[in-house]
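See structure below.
Residue numbers (the numbering used here), protein chains in the order written: chain A, 24 to 80; chain B, 5 to 227; chain C, 183 to 437; chain D, 324 to 527.
The following block contains the structure:
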C-alpha cells in the first residue's frame, strides 16, 4: 500500500515501537534465564528452600 | 605491568554499573536539567535553539559534578584508599585510571545522550554534532578537574556541595571554550577550530594537573 | 477474598503458568487484528494523510503509560497500607514497562510531529507532561536499583510513587497553565480528530492489544522478580551456613 | 605522639604491641604503614628491595575490611591480587596462592561466587585476611587481627601467622588477647613521660 509522502516517519515509528517491545521481551526472557540458572546452581550446591532452621537468623 | 591498571579500571567500572552504583543517575539528572530550563525561560523554540548548546554544557557540568563526590570517598570509607596508598603503584596513575573509569561510566553516557536531548532544544543537526563533539572532548577535563575537588573533600562527611563550590571556578575555562566552539560551528563566520583546539589542550592539561594534584591531596588526607 | 489467595508467591507462580499462554495468544491475535484494521480498514485523514496511522500506536502507548502508573500507585498502596507481599513485586516489575510505553508514546509523537508541525519537539503541554512522567519512571527505577534490600527499596519507592500520583494532576495543571502563558503563535495546534467509527474501532482494538501486551510482560516480569528474591534468600542462606550439607552442625551466631 | 620510641625486629619474629585504649597502638601501626608521616625519625627495612619504601613491602590489616559489597567475593580478592605489587625479599620465601585457594584456607570457599554483601562481619574479616595470602609481602602489620573472628578462625589465623614467621616474615600486631605466636617480643605502650620501653631483639 502507498503510505504517501511521509512513509519514512510512519515506518520509523512502527519500527521503533517494535524494537522497544522486542527489547522488553528480550529483557524479560534473559532475566528469567539468569534467575533460573542461579537457582539451579544453588540447588546443586545443596541449598534448599524448605529448611527455615538452617539460617542463622 | 599494565594488568594492575586494567584490574583497577574494570573494578571501578563494575562498581558503578552494579547495584548501588551511580552510572546512569548522571544521565537522568542531565535529562531533568534540560527539561526544567524551558519552564524557566519559556518554550520559544527559537530562543531555545539559540541557547541550546549552553544549556547542554551547563547540564553536563552539573551532572559531572554531582557524581564526583563518591569518586574517592567510597574507597576511603571502607579502608580501600589506605591499601591503595600502600599497593606500590604510582598514585597519580591510580587517580588517572579511576577518573577514566568514572568518565566511561558517567561522562560517556552524557555525551551519548546529548544528541537526544538536543532534539528537545530544537538544535539543527550541525549544532547537535558540534555540541556532542565538544562534550566528548571537554567532559574528560571536567572529570579530571573535579577529581581534585573530590580528593580535597575526601575526608568531609558532606563534601558534595563544597566540591561543587571548589570545582566550578576551575571548570569555567572548559565551559567557555566548549560553548564557544559549539556556537562557532553554528554561526558560520567564526572559526570552529580555534576554540575547539584550545578545548582539547585544556583536556590534556587537566589530564596532567588533575591526577598530580589529586594524588598530593589524597596523600595528605590520610592521617 | 480472591486477591489474598494469591499472596503466596508459589501459588501465584502456578497461576501465571496457567494464564500466561492464553494471554499471550490473545495478545498476538489482538495485535494481528489491530494492525490489519489500522492499515487497511481505517481511512486516511483528509488533513494529515497517511501519517494519521501513527496515531494507532501513539495513543494506546500514551494511555498505557498512564494506566501503568495507576497500577503502580495501587500496588504502592498495597505495599504500604495492606502489606500485600506481592504488591511491591508488582510495582517494581511495572516500572520498566511503563517507562518503555512512555518512551514509545514520546518517540511516535515526535515522529508524528515532524511532518505535521515541522519540528520533532514542541514544549506543548501534553508532550511536556509525558516527558515529566518518563523522568518519574526512570527516577523510580533508579531508586530501586540503588538499594540492595528489596523490602526497604519497595517501601521507599512506594512512597515516591504515591507522592507522584498525587502530584501528577498538579504537574499537568501547572504545565497547562505555563504553556498557555507562553504558547508561541508559530506552532500549529493539532485539532482532535473527529471520532468516526472507522477510526475509533482500530484504535480500540489496538488499545486492547497494548493492554494485553502490558499484562503479559507484567506477569513475566513479576515472575522474574519473585525468582530473583528467591535467589537472594538462598544466597544469603548459602553464605551463613559454612557447609550447606551439615548446616545444623556448624550453625554460628550471625554477626 | 610518641617520644623516644625505637625498636628493631628480625626476620621470623613478631612484635606484639599492647597498651591501654587510646595510647596509640593503631597510630604506631599506621605510621609503620606509611599512612601517617613520622614527625621525625625513620623507618627502615633492611634486606628488602632497596629502592622500595617499607610500606610498599608490607600488608596492613586494619579495622576496615576494604570489601566492596557489590562485587563477588572472588572478584574482591582477585582485584587485590592483581593490584597490589608483590615484594620479594631475600630472607623470605612464601609463594602467593590463588584467590580460591586462599578462600578455601580460611573456610569461606563456598561463598566465592556470592556478592560480598551477603557475608557476615566475621566472613568479611576473613575475606580481608585472604588479601595477605594472595600477594606475598614480608611484613604484616595487623591491628586487632582477632576482632570479629570466632574461636576456630582465630586458631586458623594463628596458624597462618606462625607459618608467615616460619618463612622468615615479620609481624607487628596490636592486640588485647594473648596470641600463641612462635617468637614474640612485647612492646607495652604507656602514657606520659615513660613513653615506651625500647625493645631489643632476642634472635640474631
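Ideal Cβ placement from N, Cα and C applies to all residues, glycine included.
Since this is a predicted model, take the numbers as computed values, not measurements.
For residue 186 of chain B, the three-state DSSP class (helix, strand or coil): helix
Start and end residues, alpha helix (DSSP H) containing residue 462 of chain D: Here residue 462 of chain D belongs to no alpha helix (DSSP H); instead the beta strand (DSSP E) covers 462–466.
Whole-Å CB distance - residue 393 of chain D paired with residue 23 of chain B, under 8 Å assumed: 6 Å
Opening and closing residue of the beta strand (DSSP E) in which residue 23 of chain B lies: Segment: none, residue 23 of chain B is in no beta strand (DSSP E) and carries neither H nor E.
Between the CA atoms of residue 260 of chain C and residue 6 of chain B - distance to the nearest angstrom: 53 Å
Residue 400 of chain C - containing alpha helix (DSSP H), residue span: 379–422
Identity of the residue in B:30, B:52, B:217, B:226 nearest residue 125 of chain B by Cα: B:52
Residue 396 of chain C burial status per 10 Å Cβ neighbour count (16 or more: buried): buried
Reduced DSSP secondary structure (H/G/I, E/B, other) of residue 372 of chain C: Residue confidence for residue 372 of chain C is low, a pLDDT of 49 falling below 50, so the modelled location carries little weight; the figure read from the coordinates is stated next. Correct three-state label for residue 372 of chain C: coil.
Inter-stretch contact at 8 Å, needing at least 3 Cβ pairs: the region 331–348 of chain C / the region 30–44 of chain B: no
Reference residue 45 of chain B; option with closest CA among C:415, C:361, C:207: C:361
Reference residue 268 of chain C, options C:324, C:322, C:400, C:221, closest by Cα: C:400
Rounded straight-line distance, which links the Cα of residue 369 of chain D to that of residue 114 of chain B: 51 Å
Span of the alpha helix (DSSP H) around residue 281 of chain C: 269–299
Interface partners of residue 440 of chain D on chain C, CB under 8 Å: 330
DSSP state of residue 431 of chain D mapped onto helix, strand, coil: coil
Listed by chain order, chain B residues near residue 324 of chain C by CB distance under 8 Å: 28, 29, 32
C-beta atoms of residue 179 of chain B and residue 95 of chain B nearer than 9 Å: no
Cutoff 7 Å; reference residue 195 of chain B; Cβ partners in own chain excluding five residues on either side: 188
Beta-carbon spacing of residue 213 of chain B, residue 152 of chain B below 9 Å: yes
Cut-off 7 Å between Cβ atoms - residues of its own chain near residue 59 of chain B, not counting five sequence neighbours on either side: 38, 41, 125
Check whether residue 139 of chain B and residue 27 of chain B have beta carbons under 9 Å apart: no
Interface flag, residue 226 of chain B vs chain D, CB-CB below 9 Å: yes
Three CB pairs or more closer than 8 Å across the region 294–307 of chain C and the region 28–37 of chain A: yes
Cβ pair count under 8 Å reaching 3, the region 405–412 of chain D against the region 80–96 of chain B: yes
First through last residue of the alpha helix (DSSP H) which encompasses residue 401 of chain D: 396–406
Per-residue contacts from residue 393 of chain D into chain B (C-beta, under 8 Å): 18, 19, 22, 23, 24, 25
Beta-carbon proximity check, residue 454 of chain D vs residue 400 of chain D, cutoff 9 Å: yes
Contact residues within the region 385–410 of chain D, judged by C-beta distance below 8 Å to chain B: 385, 386, 387, 388, 389, 390, 391, 392, 393, 394, 398, 401, 402, 403, 405, 406, 407, 408, 410
Residue 427 of chain D versus residue 433 of chain D - alpha carbon distance: 8 Å
Nearest candidate by alpha-carbon position, reference residue 122 of chain B, set B:186, B:148, B:11, B:204: B:186
Residues that residue 384 of chain D bridges to, as DSSP identifies them: D:465
Residues that residue 494 of chain D bridges to, as DSSP identifies them: D:337, D:463
Contacts that residue 35 of chain A makes with chain C (C-beta to C-beta distance below 7 Å): 293
Chain B residues whose Cβ lies nearer than 7 Å to that of residue 362 of chain C: Correct list: empty, because the minimum Cβ distance to chain B is about 11 Å.
7 Å Cβ cut-off: residues of chain D touching residue 335 of chain C: None at all; the shortest Cβ gap to chain D is about 14 Å.
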